[in-house]
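There are 4 protein chains.
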Amino acid sequence: MIIVLKPGASEAQLKHVVERIEAAGCRAHVSCGEELTIVGCIGDEARVERLNWSTVPGVERAERITKPYKLASRQLQPKAGVIEVGGVKIGGGTLTVMAGPCTVEDRKMLFDAAAAVKKAGAGILRGGAFKPRTSPYDFQGLGEEGLRLLQEAGRKYGMPVVTEVRTLAHVPLACRYADILQVGARNMQNYDLLTEVGRAGRPVLLKRGLSATVKELLLAAEYVLAAGNRQVILCERGIRTFETATRFTFDVSAIPVLKAETHLPVIFDPSHAAGQWRLVAPLARAGVAAGADGLIVEVHCDPEEAKCDGDQALRPDVFADTVKDLKAIHAVVCKHARR
Amino acid sequence: MIIVLKPGASEAQLKHVVERIEAAGCRAHVSCGEELTIVGCIGDEARVERLNWSTVPGVERAERITKPYKLASRQLQPKAGVIEVGGVKIGGGTLTVMAGPCTVEDRKMLFDAAAAVKKAGAGILRGGAFKPRTSPYDFQGLGEEGLRLLQEAGRKYGMPVVTEVRTLAHVPLACRYADILQVGARNMQNYDLLTEVGRAGRPVLLKRGLSATVKELLLAAEYVLAAGNRQVILCERGIRTFETATRFTFDVSAIPVLKAETHLPVIFDPSHAAGQWRLVAPLARAGVAAGADGLIVEVHCDPEEAKCDGDQALRPDVFADTVKDLKAIHAVVCKHARR
Amino acid sequence: MIIVLKPGASEAQLKHVVERIEAAGCRAHVSCGEELTIVGCIGDEARVERLNWSTVPGVERAERITKPYKLASRQLQPKAGVIEVGGVKIGGGTLTVMAGPCTVEDRKMLFDAAAAVKKAGAGILRGGAFKPRTSPYDFQGLGEEGLRLLQEAGRKYGMPVVTEVRTLAHVPLACRYADILQVGARNMQNYDLLTEVGRAGRPVLLKRGLSATVKELLLAAEYVLAAGNRQVILCERGIRTFETATRFTFDVSAIPVLKAETHLPVIFDPSHAAGQWRLVAPLARAGVAAGADGLIVEVHCDPEEAKCDGDQALRPDVFADTVKDLKAIHAVVCKHARR
Amino acid sequence: MIIVLKPGASEAQLKHVVERIEAAGCRAHVSCGEELTIVGCIGDEARVERLNWSTVPGVERAERITKPYKLASRQLQPKAGVIEVGGVKIGGGTLTVMAGPCTVEDRKMLFDAAAAVKKAGAGILRGGAFKPRTSPYDFQGLGEEGLRLLQEAGRKYGMPVVTEVRTLAHVPLACRYADILQVGARNMQNYDLLTEVGRAGRPVLLKRGLSATVKELLLAAEYVLAAGNRQVILCERGIRTFETATRFTFDVSAIPVLKAETHLPVIFDPSHAAGQWRLVAPLARAGVAAGADGLIVEVHCDPEEAKCDGDQALRPDVFADTVKDLKAIHAVVCKHARR
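Protein chains in written order, with this note's numbering: chain A, 1 to 339; chain B, 340 to 678; chain C, 679 to 1017; chain D, 1018 to 1356.
Following this line, the structure appears as structure tokens:
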């Protein structure tokens, strides 16, 4: 922690600052410059950070120096982690493709989509049973019946399955049927849900909130990790900006930034970032080229009739072509992968 | 709904568009311009909106014309609503001041703060028992013990109380002790929680998500309203932008925009928007001048020692001065209040 | 300047960092914490800031501590400045109202608007002769003829005039006719233009760029100040965010932030921030309540027929009512004005 | 243009709307829905767009349907354009690499950098002589001497050169020495400069403003095109968002969006987007994977000593490795290139 004093802060104010730092169990290191006096804290920064510095007379500002996340950080675990689910690896130099429909609508559409994505090279099947919808009047998913169908499709086509949990009660339910629990972007700071999936002992796919910084995403992961679950997969899915030509702005830079900061696997979701199927393939290629460990894509055999987000679903043929390109690009970039 | 066809769309494509509209139970109105053909839908727009238009051959884009929220809209209820809680009015030309500490830390600090804000003119007491914190290592609130203290303080000083619920299980608990349930910014799109407070039969204070549009805030309110609860108070509390001089950017324009769009009362939270106590008074004055029905402010008798958000808490004397200014400004602007 | 070393940085790397600081003519102050080593620089920070710290082995990050603007800062000149133009004061506790049409369209419309705003209490007349337009096909202003008319209207109604300069050649031209030169938002970082108006010896109204931080606005002002012109008026006019309900997001917090940081007068433009005339009055009240020294508003006697930005122009009667409210609010808040 | 009337708009108001449209030389097409009445305009939309619709009684909102840019649009010229400069092609399926130092500092550093980028496979040499700097106290470039050196280096190593012009007077000067004129992000809406480079008869590299939408970038290009210059290259270089982990947010989606909207070649600048050299290679790979026609990268033989933006400069060996990857990725994606 660095405490910058106001120009002209008094001796008494400096003394008070030092006393607060020492009362919190840290040591203070005073550095008097020509224009400004700076006080560095040595010790556990978190204890000093809570001290409401802007209310302390004579203080201009206070800034944390160490990272607020420990378990998620490369400092603690320098080597990239690998998560294995039903024989499929995520992280560690492989490219993992998760694909399937946005929502489980009925048996036939799900099984058609599952067959198609398996054939095209997907390793994990996605499908939503509990959908968070902006409007209360939209289709909200099939619930447990959807989970049951998803599990059956996964078994039939030999793919572990990932599905979203929206509230605490969904967690034990989803654990019965799914291999990976997804926490959606709108729940990235739903701390009770994070703690609950942290206790569930199942890998967690954590999506970045649409206005969350990289640091906040890592702090959300820290909630899951601190609850005892070390199997967290991070997912960039587009952030909210002023640009309206796309539904969200795909923050492709977050991929290499996260890979440098954390040992957790990093994937991305080009479908939600784009919001339009025509952009999904270029964004998918971009994310893999930037060094992601995998991606999650929406695929539907008849997007025109999809009950949810059909606008961004790829048809199976476009998806199959895209996967081929992604493998070729991954072969170029995987030598740079930070392990 | 307006469907804009691509330049050069074929007759067959136009026919397919018209058929889709009619199959959804609406009528199509085709308008051939010099450069573009546009198809208008007449009927229930929501049914046509779900049709994944960007996947339909020949379609350039599709746009909704009517508002997606009905119950929250002025169209349904043109007159501004008034919510009454324990004798205190919110909306309808009065200025409602909610104040108190960020978090209930202990009995003494809460009662001191309650006494101070009551004396300064606050009508409603705030205090958190369940705090959503960005880091898992920060103080998370006293839980039910906090609620009990809050209720006691409210009774002693004659103020109804408002407190935040973070997850479903908090709702029945909070209903036992609190008069108004608050849904925080990070939960604005926690749809299960919205539905739950919608069923609780208690007024709801709904904070705008930090990257939510005005339209999304109204759709979140629609979830509560659609669950049968008509007592929703909207709260602007700062949005996330590129500017880092303040913690968030207080979107003061949202106040008149919301007042025009909805009959629900609109308040604001200058404390969280600013993140620094020195800015709270100017922002409080700005929000009242812009036409808000009230505000919610953090007050602490010893901000330096606060366990949560002390940086943005007002001391009682500054708060008392501010309330005087707010009343004077409200007297100037209340004649413009949209009823 | 604070240089934070990477955990595990070597002695040799630390030595290299210290040598770079000393070679730049500063002193280094090394502080070894439990987790991190921090090096503070004592001396002229600007010389150390240029050293490309992220390329230096062992360095995690480097951060400037002092403000990069000197002349604009309150540190240099703690007392709020007052600019006087043709008998009208800007800053120092008065409320200055600048008003008039967006663009000078013709003699009659300009004189009608000038008469109306004078009568309602405006002190300075605005009007554009060189308009920056997003599309090359839009009306770009009358040029010198517009300036001539503006000067004539200002003289007739006893108001100094302000007009925008868009490029270097406009500066000497505008100096012949106008009392204040405006640099528009899109030119806030047109450094050649800033230097040119800095040499012109005429007060400058500098609008904040639509994605400029407060710090960048002050650095832009520093260009004008460094060129020898101390008469700079800063103007908040809305920033670009994700919200589309308003044309821009009026950053009302920037007003108290700027008032604390700089001695320069701070005004605002509610017309461009809002983009819709219905929002102009509430935003005008908010900005004055937040402590601005004045505002600049677009007024047109027949907005429906305006050639530019008619959507955001106030009719004279609405403007007159608004000015009355602003004066009443200013009377409440001026006691807080930071002098 | 679509004019949406307010619910309950009167017959007289509808009539007035229709008259305004007809007075502007267009035809009105009235469509009465169950909830709303919509009026479509048939004819030259630009003439109707200027009519200040929000001031017209009974109008809820008005929306443009056709694109406001004509010359830049694919509608006018469906085939992707190719620009040829000194034997180097930009667009049309090739991958063009522009590289060199941020700023021309002196002869030796420039020639060393030019030799290195040529050897690594760059086709065009970049170098700044007139630098736009946020602070007036930073190094602003060598001016004409820098241009002279740049030209000499380009000739020696057989590369056309690109350099930035910051103000009108730089245009004829730069035309004497450079093959491509660059308009920087901060000048993207400097309309006088756009018109001037439009008249200069030299290819123009137009960078996206840091808060400009894709539509605004195309309108800025339209200024150059409308002045008679058809050789415009668009460049994505990162936009301003709330994320602070990178200097800007590289909007990789803008590449496929622009490729679909316009026939102009689209390149990108990973150096400015990232702001840190470690991120440049991943972003470069992402941009090429997304379908860009080329990129412009900063390379410096001794970044630690660079006078400007050394933090984001690649060393020659990293650059050479990166170019190899880019070529391999381009070979994968060029089959998708929209011609």
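Backbone N, C-alpha and C fix where the C-beta goes; we use that ideal spot for every residue, glycine too.
- prompt: Comparing alpha-carbon positions, which option in B/Met527, B/Thr442 and B/Lys447 lies nearest B/Val500?
  reply: When B/Met527, B/Thr442 and B/Lys447 are compared, the shortest CA-CA separation from B/Val500 is found for B/Thr442.
query: Which two residues bound the contiguous beta strand (DSSP E) that contains B/Ala401?
result: Val398 to Glu402
- prompt: Of the residues D/Glu1036, D/Asp1328 and D/Glu1101, which one's Cα is nearest the Cα of D/Pro1118?
  reply: With distances taken between Cα atoms, D/Pro1118 lies closest to D/Asp1328.
field: Residue environment, A/Thr241, which counts as buried when at least 16 other CB atoms sit within 10 Å
entry: buried
message: Give me the chain D residues within the contact set of C/Ser889, using Cβ-Cβ distance strictly less than 7 Å, ordered along the chain.
response: Leu1227, Ser1228 and Arg1257
query: When you compare each of D/Arg1044, D/Ala1191, D/Asp1310 and D/Tyr1154 to D/Cys1325 by their alpha carbons, which one comes out closest?
result: D/Tyr1154
field: Endpoints, the beta strand (DSSP E) within which B/Met437 is located
entry: Thr435 to Gly439
Within chain A, partners of D/Leu1296 - CB distance below 8 Å: Ser253, Pro256 and Val257
field: Residue-chain proximity (C/Pro810, chain A), Cβ-Cβ < 7 Å
entry: no
message: Any beta carbon of chain C sitting closer than 7 Å to that of A/Leu95?
response: no
task: Would you check if there are 3 or more beta carbon pairs closer than 8 Å linking the segment 391-401 of chain B to the segment 354-371 of chain B?
output: yes
field: Residues near B/His368 by beta carbon distance below 8 Å, same chain, minus five either side
entry: Val378, Gly379, Cys380 and Ile381
field: Sequence-distant residues of the same chain with beta carbon closer than 6 Å to B/Ser412, five excluded per side
entry: Lys406
task: Quick one: which residues of the segment 400-426 of chain B get their C-beta closer than 7 Å to a C-beta of chain D? List them in chain order.
output: Ile404, Thr405 and Gln414
- request: Name, going along the chain, the residues of the segment 776-796 of chain C whose beta-carbon falls closer than 7 Å to a beta-carbon of chain D.
  value: From the segment 776-796 of chain C, no residue has a Cβ closer than 7 Å to chain D.
- prompt: beta strand (DSSP E) containing D/Cys1351: first to last residue?
  reply: Element bounds for D/Cys1351: n/a, residue is neither H nor E.
query: Sorted by chain position, which residues of the same chain lie with C-beta nearer than 8 Å to A/Leu110's C-beta, five sequence neighbours on each side aside?
result: The residues are Gly100, Pro101, Val104, Gly127, Leu149, Leu150 and Ala153.
field: Backbone secondary structure at B/Phe680 - three-state DSSP
entry: As shown, chain B starts at 340 and ends at 678. That puts residue 680 of chain B outside it, with no answer to give.
- request: Could you work out which residue in D/Lys1106, D/Gly1304, D/Lys1096 and D/Ala1130 is closest to D/Val1350 when comparing CA atoms only?
  value: D/Gly1304
field: Segment limits, beta strand (DSSP E) that includes A/Gly294
entry: From DSSP, the beta strand (DSSP E) with A/Gly294 extends over Gly294 to Glu298.
query: Beta-carbon of A/Gly275 versus every beta-carbon of chain C: anything under 7 Å?
result: no
message: Taking the alpha carbon of C/Leu1004 as the reference point, which residue from B/Lys663, B/Val662 and B/His669 has its own alpha carbon closest?
response: In terms of CA proximity to C/Leu1004, B/His669 leads the group B/Lys663, B/Val662 and B/His669.
message: For a cutoff of 7 Å on Cβ pairs, would you count A/Asp309 as touching chain D?
response: no
message: Is there a C-beta anywhere in chain B that falls below 7 Å from the one on C/Gly680?
response: According to the sequence shown, residue 680 of chain C is Ile rather than Gly. Not one chain B Cβ lies under 7 Å of C/Ile680.
query: Under 8 Å Cβ-Cβ, which residues of chain C neighbour B/Thr583?
result: Thr891
message: I'd like the list of long-range same chain contacts for C/Tyr869, defined as Cβ closer than 7 Å, with 5 residues on each side in sequence excluded.
response: Tyr901
- prompt: In terms of DSSP beta bridges, what is D/Gly1057 paired with?
  reply: For D/Gly1057, the pairing in a beta bridge is given by DSSP as D/Ile1019 and D/His1046.
task: Take B/Glu384 and list the residues in its own chain whose beta-carbon comes closer than 7 Å to its own, dropping the five residues that flank it on each side.
output: Met340, Arg403, Ile404 and Thr405
- prompt: How far does the alpha helix (DSSP H) with A/Lys67 in it reach, from first residue to last?
  reply: Segment: none, A/Lys67 is in no alpha helix (DSSP H) and carries neither H nor E.
message: How far does the alpha helix (DSSP H) with C/Ile802 in it extend, from its first residue to its last?
response: It is not in any alpha helix (DSSP H) - C/Ile802 instead sits in the beta strand (DSSP E) that spans Ile802 to Arg804.
- prompt: Going along the segment 366-392 of chain B in order, which residues come within less than 8 Å of chain A, judged by CB to CB distance?
  reply: Ala385, Arg389, Leu390, Asn391 and Trp392
- prompt: Can the beta-carbon of D/Ile1313 be found closer than 7 Å to that of D/Pro1282?
  reply: no
- prompt: Should A/Leu205 and A/Ala185 be called a contact, given that it needs their Cβ atoms to be closer than 7 Å?
  reply: no
- prompt: Based on Cα-Cα distance, which residue from D/Glu1051, D/Ala1291 and D/Ala1139 lies nearest to D/Glu1253?
  reply: D/Ala1291
query: So with Cβ pairs under 7 Å, would you call D/Pro1189 a contact of chain B?
result: no
query: Going along the chain, which unbroken runs of the beta strand (DSSP E) with 3 or more residues stay wholly within the segment 934-1007 of chain C?
result: Those beta strand (DSSP E) runs which fall completely within the segment 934-1007 of chain C and span 3+ residues are 944-946 and 972-976.
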